[in-house]
Ligand SMILES: Cc1cc2nc3c(=O)[nH]c(=O)nc-3n(C[C@H](O)[C@H](O)[C@H](O)COP(=O)(O)OP(=O)(O)OC[C@H]3O[C@@H](n4cnc5c(N)ncnc54)[C@H](O)[C@@H]3O)c2cc1C
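Numbering (my numbering), first residue to last: 32 to 465.
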């Protein structure tokens, strides 16, 4: 049976444990959720309110949820599609999204530099690559669209692409630099956690199950062995708001699985032409994400499912076989024995692809719906949520609030059936790219 073990977390090394909550704590600010969003919010609040008592809680280990388990693409520029292309009806929206994406990536860069986080940050961009050239229609126009928002984009095909990636599986790709970057996600998340200032108290293994309004206006956050009474609460739990008793009709969970190989041997690495590290994103939502890491491992993420329950070990085994097949299509000499780690994680998605970002009642602020771009956007959302909750305003915050129209989800079971069917349809459309 496959053990659900994230290679990035193991590589980041043993993390010091924080205590679980016992009894009643008082706080000026409570942050629920210790991923990129919550950790970034904690740093920003501590800077804005140096005298305040800030508490951050996580129901598991902090910095070990989706934020540690992702593929490590820091997205500034998304792949433009359809009407988002230059000269078409949604190009203005694409430009606005790219401006926010660039600000988000800049935020990551600043955090890493200011806090001195060593997380294999690699500023060389990555590839939007396809096996089936029809999946990169309007390739030249996509390149122009990316260049128009400041990206350094270049179309690559044939031998030039094969030698860059060490496989001739991909027939065409846009190499997109000028913002897009790669990193080791668990080390970035750990870095944010380890550098929190002394005014932030962390409790782990502390799941909040309810938020209740107290007399006088404070909010009581209830956990199994205690509670926290806070003036302001920032909810940064991704798709898990219902666990806090908060009704949400905008955000839903997607479960992704990934595998990481052992480092390639010198002979294997030479066999693929000794390329520089790279990252590949599919142009289809259900297509595969791949990386060749700095330490010469291959990463693959080629499943995405709508699930509300965690995968069992035997179900994870099936996902792992899908990873092996995906790797073998690109590198036929790979065997199941190459895979050292396999794991899953949940990201939060919305119908429109835009986040839920709002004050839902006095003192309670929520953000979710990074839609697969949470490395950069989560980092930025955390800072902006802290600013909004503190009453600050800025053009960037206004721009994010304008875009924060996540769309409405139909009730169960209609949504559950629709989402499952849609993902199966997307998986079929992405078959050549999985
Ligand atoms: C396999 C995979 C690949 C991905 N690849 C990429 C990528 O390449 N690039 C990219 O930008 N994004 C990617 N993503 C998405 C990205 O990981 C997320 O968008 C991002 O981590 C969201 O950060 P967050 O802080 O909002 O949420 P999380 O990291 O999920 O943090 C939320 C935290 O809240 C805690 N929590 C939940 N409920 C409670 C509760 N009741 N009480 C207390 N705490 C609670 C959880 O334990 C968790 O630690 C990927 C995701 C997955 C799963």
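Glycine residues also receive a C-beta, built at the ideal position from the N, C-alpha and C atoms.
Given the structure is predicted, the values throughout are model-derived calculations rather than measurements.
* Can you give me the Cβ contacts of residue 231 inside the same chain, cut-off strictly under 7 Å, excluding the 5 residues immediately before and after it? => If we look at residue 231 and ignore the five residues flanking it on each side, its Cβ neighbours are 73, 77, 85, 87.
* Asked: Per DSSP, residue 375 is paired with what?
  -> Beta bridge pairing from DSSP links residue 375 with 288.
* Are the Cβ atoms of residue 361 and residue 198 separated by less than 8 Å? -> Cβ distance < 8 Å, so residue 361 and residue 198 count as in contact.
* **ligand 1 heavy atom lying under 7 Å from the CB of residue 289** => Yes, Cβ of residue 289 sits closer than 7 Å to a heavy atom of ligand 1.
* To do: May I ask you to report which of helix, strand or coil DSSP gives residue 258?
  => In this structure, residue 258 counts as strand in the three-state DSSP scheme.
* **Cut-off 7 Å between Cβ atoms - residues of its own chain near residue 207, not counting five sequence neighbours on either side** => The beta carbon of residue 207 is closer than 7 Å to those of 108, 156, 157, 159, 177, 182, 184 in its chain, skipping five residues each way along the sequence.
* Closest residue to residue 405 among 458, 93, 99 (Cα-Cα distance) -> Distance from the Cα of residue 405 is smallest, within the candidate group 458, 93, 99, for 99.
* Compute the beta-carbon to beta-carbon distance between residue 265 and residue 396, rounded to the nearest angstrom, for a pair I have assumed lies under 8 Å. => So it is a contact: roughly 5 Å between Cβ atoms.
* Going by the CB atoms, is the gap between residue 357 and residue 380 shorter than 8 Å? -> The Cβ atoms of residue 380 and residue 357 do not sit closer than 8 Å to each other.
* **Identity of the residue in 133, 36, 216 nearest residue 103 by Cα** => Considering only alpha carbons, the answer is 216.
* **C-alpha gap between residue 374 and residue 37, whole angstroms** => One alpha carbon belongs to residue 374, the other to residue 37, and they sit about 5 Å apart.
* Asked: For residue 108, is the beta carbon positioned less than 7 Å from some heavy atom of ligand 1?
  -> No, the beta carbon of residue 108 sits no closer than 7 Å to any heavy atom of ligand 1.
* Asked: Of the choices 46, 165, 105, whose alpha-carbon is the least far from that of residue 314?
  -> Ranked by Cα distance from residue 314, the first of 46, 165, 105 is 165.
* Cβ pair count under 8 Å reaching 3, the stretch 288-303 against the stretch 407-418 -> Between the stretch 288-303 and the stretch 407-418, the count of C-beta pairs closer than 8 Å stays below three; the two stretches do not touch.
* Asked: Rounded to whole angstroms, how far is the Cβ of residue 344 from the Cβ of residue 333, which I believe are closer than 8 Å?
  -> Beta-carbon to beta-carbon, residue 344 and residue 333 are separated by about 19 Å, too far to satisfy the 8 Å threshold.
* Can residue 308 and residue 324 be called in contact, C-beta distance under 8 Å? -> With respect to residue 324, residue 308 sits close: the two C-beta atoms are nearer than 8 Å.
* **Cβ pair count under 8 Å reaching 3, the stretch 273-289 against the stretch 385-393** => Touching, yes.
* Asked: Taking only runs of the alpha helix (DSSP H) that begin and end inside the stretch 74-122, which ones reach a length of at least 4 residues, in chain order?
  -> Unbroken alpha helix (DSSP H) stretches of 4 residues or longer found wholly inside the stretch 74-122: 97-100, given in chain order.
* To do: Let me know the secondary structure DSSP gives residue 392 once reduced to three states.
  => Of the three classes helix, strand and coil, the one that applies to residue 392 here is strand, per DSSP.
* Does the distance from the CB of residue 382 to the CB of residue 304 come in under 8 Å? -> For residue 382 and residue 304, no; Cβs fall outside 8 Å.
* Tell me whether residue 180 counts as near ligand 1, meaning its Cβ is closer than 7 Å to at least one heavy atom of that ligand. => At a threshold of 7 Å, residue 180 does not count as near ligand 1, since its beta carbon sits no closer than that to any of the ligand's heavy atoms.
* **When 452, 351, 246 are compared against residue 338, the one with the closest alpha-carbon** => When only C-alpha atoms are compared, the closest one is 452.
* Status (buried if at least 16 other CB within 10 Å, exposed otherwise) for residue 95 -> Buried, since its Cβ has 16 or more Cβ neighbours within 10 Å.
* Using a threshold of 7 Å, is the CB atom of residue 89 nearer than that to any non-hydrogen atom of ligand 1? -> Residue 89 Cβ: within cutoff of ligand 1.
* **Start-to-end residues for the beta strand (DSSP E) that takes in residue 297** => Annotation for residue 297: no beta strand (DSSP E) segment contains it, though the alpha helix (DSSP H) segment containing it runs 297-302.
* Report yes or no: do three or more beta-carbon pairs, one from the stretch 237-246 and one from the stretch 127-141, lie closer than 8 Å? => Contact fails: fewer than three Cβ-Cβ distances are below 8 Å.
* residue 232: beta carbon under 7 Å from a heavy atom of ligand 1? -> Answer for residue 232: no, Cβ out of range of ligand 1.
* 8 Å contact criterion, which residue 249 and residue 260 should meet: CB distance rounded -> Contact holds; Cβ gap of about 5 Å.
* Asked: Is the beta carbon of residue 69 within less than 7 Å of some heavy atom of ligand 1?
  -> Yes, ligand 1 has a heavy atom inside 7 Å of this Cβ.
* Asked: Alpha carbon to alpha carbon, what distance is there between residue 218 and residue 456?
  -> Each residue's alpha carbon lies about 35 Å from the other.
* **Closest residue to residue 82 among 394, 59, 370 (Cα-Cα distance)** => If you compare the alpha carbons of 394, 59, 370 with that of residue 82, the shortest gap goes to 59.
* Asked: Alpha carbon to alpha carbon, how far is residue 454 from residue 317?
  -> When only Cα atoms are considered, residue 454 and residue 317 end up about 8 Å apart.
* Are residue 97 and residue 378 close, meaning C-beta to C-beta below 8 Å? -> Going by C-beta atoms, residue 97 is nearer than 8 Å to residue 378.
* To do: Check whether the Cβ of residue 378 lies closer than 7 Å to any heavy atom of ligand 1, and answer yes or no.
  => Yes, ligand 1 has a heavy atom inside 7 Å of this Cβ.
* residue 116: which of 167, 148, 91, 137 sits nearest, CA to CA? -> It is 167 whose Cα lies nearest to the Cα of residue 116.
* Asked: Whose C-beta lies closer than 8 Å to the C-beta of residue 329 among residues of the same chain, with five residues either side of it excluded?
  -> Closer than 8 Å at the Cβ level, and outside the excluded window around residue 329, lie 291, 292, 295, 321, 322, 323, 358, 362, 365, 369.
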